[in-house]
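A.B. asks: In terms of full-length UniProt numbering, the sequence shown opens at residue 1 and continues consecutively.
Cβ coordinates follow ideal geometry from the N, Cα and C atoms, glycine included.
Only a predicted model underlies this, so the values are computations on that prediction, with no experimental measurement involved.
Here you go, one structure.
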Amino acid sequence: HERRTQIDIVFEKVVSHVDAEIKSCPHCGSETRAPFPEAFSGPLQYGSGIKAYALNLAVAQMISLKRVQHSIQTLIGQVISEATILKYVLQLHLALERWERLAIERILTQPAMHVDETSIRVDKRNHWIHVCSAGDITLKFVHEKRGLEAMSAIGIIPRYGGVIVHDCWASYLSYAHCRHGLCGAHLLRELTFIVEANGYAWAKNMKRLLQHTCARVSKRKRKRLTPR
Numbered sequence: 001h002e003r004r005t006q007i008d009i010v011f012e013k014v015v016s017h018v019d020a021e022i023k024s025c026p027h028c029g030s031e032t033r034a035p036f037p038e039a040f041s042g043p044l045q046y047g048s049g050i051k052a053y054a055l056n057l058a059v060a061q062m063i064s065l066k067r068v069q070h071s072i073q074t075l076i077g078q079v080i081s082e083a084t085i086l087k088y089v090l091q092l093h094l095a096l097e098r099w100e101r102l103a104i105e106r107i108l109t110q111p112a113m114h115v116d117e118t119s120i121r122v123d124k125r126n127h128w129i130h131v132c133s134a135g136d137i138t139l140k141f142v143h144e145k146r147g148l149e150a151m152s153a154i155g156i157i158p159r160y161g162g163v164i165v166h167d168c169w170a171s172y173l174s175y176a177h178c179r180h181g182l183c184g185a186h187l188l189r190e191l192t193f194i195v196e197a198n199g200y201a202w203a204k205n206m207k208r209l210l211q212h213t214c215a216r217v218s219k220r221k222r223k224r225l226t227p228r
């Protein structure tokens with residue numbers, strides 16, 4: 001037989017109402033109100049699906065709050081406030097605190113760790129995203145500074161004893177307690193410049209060697225090479 005498959009997503013607005021009974025005592029006249037479920041804390045709230053969707057857009061996809069608001073409005077016909085989205089982000093941050101501590105301890109045990117930093121605008125001012133990555137763990141931290149002050153505040157590199165792979169920036173090299181490896185992409189970039197600017201044969205040969213080594217390692221990881 002022949003099979004063809006289609007995968008789709010259904011965007012459907014679901015509205016749930018919960019009515020709590022209010023009863024008056026026939027003798028004293030006092031009112032007794034039935035409790036609402038925990039998820040219904042106010043007259044109107046958004047469900048877990050909207051919360052997950054907003055967090056995916058704002059955090060994972062790094063979309064602006066206004067665009068997140070607009071996207072949700074097109075789906076449910078209701079404007080969600082920036083404060084609500086930021087509350088979701090804070091709740092996620094607090095929920096992941098334990099995971100973050102465990103992830104940091106795990107990354108400190110890895111034999112090699114990749115580190116980098118890139119600029120980002122926060123409240124119209126320049127900040128820096130610092131990245132520490134090893135294995136299947138990638139941690140990102142935002143700090144006002146780029147150099148040692150930020151790295152010390154984050155506290156991962158000062159505690160790390162393996163090999164940190166980076167772009168040869170001086171702040172990384174100032175950590176003498178760990179070993180250092182230079183990023184292959186940056187080395188290739190420098191070698192390309194040397195070849196194009198000066199035409200040195202050694203730079204061309206070194207570039208070819210690095211690319212060949214990278215390809216061989218990738219094949220080995222995919223188990224396409226024998227031990228020989």
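On the DSSP letters alone, give me the boundaries of the alpha helix (DSSP H) that residue 230 sits inside.
C.D. replies: The requested residue 230 is not part of the displayed model; the chain covers only 1 to 228.
A.B. asks: Indicate the three-state DSSP secondary structure (helix, strand or coil) for residue 44 in the structure shown.
C.D. replies: The residue labelled residue 44 in the question sits at position 44 within the sequence shown. DSSP places residue 44 in coil when its eight states are reduced to three.
A.B. asks: I need the straight-line Cα distance from residue 218 to residue 16, nearest angstrom please.
C.D. replies: On the sequence shown, position 218 is the one that residue 218 refers to. On the sequence shown, position 16 is the one that residue 16 refers to. For residue 218 and residue 16, the distance between alpha carbons rounds to 52 Å.
A.B. asks: According to DSSP, is residue 117 helix, strand or coil?
C.D. replies: As a position in the sequence shown, residue 117 is number 117, starting the count at 1. In this structure, residue 117 counts as strand in the three-state DSSP scheme.
A.B. asks: Can you tell me whether residue 7 is buried or exposed? The criterion is at least 16 other CB atoms within 10 Å of its CB, across all chains shown.
C.D. replies: On the sequence shown, position 7 is the one that residue 7 refers to. Per the 10 Å Cβ criterion, exposed.
A.B. asks: Closer than 7 Å by C-beta to residue 85: which residues in its own chain qualify, once you throw out the five before and the five after it? Chain order, please.
C.D. replies: The residue labelled residue 85 in the question sits at position 85 within the sequence shown. The answer, listed in chain order, is 54, 58, 65, 68.
A.B. asks: What does the alpha-carbon distance come out to for the pair residue 105 and residue 200?
C.D. replies: Here the question's residue 105 lines up with position 105 in the sequence shown. Here the question's residue 200 lines up with position 200 in the sequence shown. Cα to Cα, residue 105 sits roughly 45 Å from residue 200.
A.B. asks: Tell me, please, whether the CB atom of residue 127 is closer than 8 Å to any CB atom in chain D?
C.D. replies: Structure shown: chain D not included; a single protein chain is present.
A.B. asks: Please report how far the alpha carbon of residue 115 lies from the alpha carbon of residue 156, in whole angstroms.
C.D. replies: Position 115 of the sequence shown, counted from the start, is the residue given in the question as residue 115. Position 156 of the sequence shown, counted from the start, is the residue given in the question as residue 156. Each residue's Cα considered, the two are about 10 Å apart.
A.B. asks: For residue 141, write down the residues that DSSP places opposite it in a beta bridge.
C.D. replies: Working through the sequence shown from its first residue, we reach residue 141 at position 141. In DSSP, residue 141 forms a bridge with 130.
A.B. asks: Can you say whether residue 38 is buried or exposed, counting buried as having 16 or more other CB atoms within 10 angstroms of its CB?
C.D. replies: Along the sequence shown, one-based indexing puts residue 38 at 38. Label assigned to residue 38: exposed.
A.B. asks: Answer with buried or exposed for residue 168, where buried requires no fewer than 16 other C-beta atoms within 10 angstroms of its C-beta.
C.D. replies: Taking the sequence shown and counting its residues from 1, one reaches residue 168 at position 168. The residue is exposed, with fewer than 16 neighbouring Cβ atoms inside 10 Å.
A.B. asks: Inspect the beta-carbon positions of residue 191 and residue 203 and report whether they are closer than 8 Å.
C.D. replies: To locate residue 191, count along the sequence shown from 1; it is residue 191. To locate residue 203, count along the sequence shown from 1; it is residue 203. It is a contact, given that the beta carbons lie within the stated cut-off.
A.B. asks: Taking its Cβ as the centre, do 16 or more other Cβ atoms sit within 10 Å of residue 132, making it buried, or is it exposed?
C.D. replies: The residue given as residue 132 occupies position 132 in the sequence shown. Residue 132 is buried by the Cβ-count criterion.
A.B. asks: Who are the near neighbours of residue 185 in its chain, counting only those whose CB is closer than 7 Å to its CB and skipping five residues on each side?
C.D. replies: Translated into the one-based positions of the sequence shown, residue 185 becomes position 185. For residue 185, where only same-chain residues beyond five positions count, there are no Cβ hits under 7 Å.
A.B. asks: Expressed to the nearest angstrom, what Euclidean distance is found between the alpha-carbon atoms of residue 223 and residue 188?
C.D. replies: Counted from its first residue, the sequence shown places residue 223 at position 223. Counted from its first residue, the sequence shown places residue 188 at position 188. Taking the straight line joining both Cα atoms gives about 25 Å.
A.B. asks: Could you tell me which whole alpha helix (DSSP H) segments of length 4 or greater appear in the stretch 179–228?
C.D. replies: 184–198, 201–221
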